[in-house]
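K.L.:
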Amino acid sequence: MARFSPIEYFRQVRAEIGKITWPSRKETVISTTAVFVMVFLAAIFLFAADQVMSFLVRHILELGM
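Residue numbers for the sequence shown follow the working numbering, so the first one is 48 and each next one is one higher.
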């Protein structure tokens, strides 16, 4: 079993960080916009689904009275 060397570990971490391809500003803006649009659409869908289920449950409970 090899011994753990903190110095070697940090050398390897630094080498791996050098391999990272960072997105451009344009790519970041496009990705962020896409995320916000999808969150907005999901919120609208969940709101509508909640309203429909609330309506159905309310009317089902009124039938029992």
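Note that the Cβ used here is the ideal one computed from N, Cα and C, for glycine as well.
Under three-state DSSP, which class holds Gly65?
P.N.:
By 1-based counting over the sequence shown, the position of residue 65 is 18. Reduced to three states, the DSSP call for Gly65 is helix.
K.L.:
Assuming Arg72 is part of the alpha helix (DSSP H), what are its boundary residues?
P.N.:
On the sequence shown, position 25 is the one that residue 72 refers to. From DSSP, the alpha helix (DSSP H) with Arg72 extends over 72-110.
K.L.:
Quick one: Cα of Arg58 to Cα of Ala95, how far?
P.N.:
Counted from its first residue, the sequence shown places residue 58 at position 11. Counted from its first residue, the sequence shown places residue 95 at position 48. Computed Cα separation, rounded: 53 Å.
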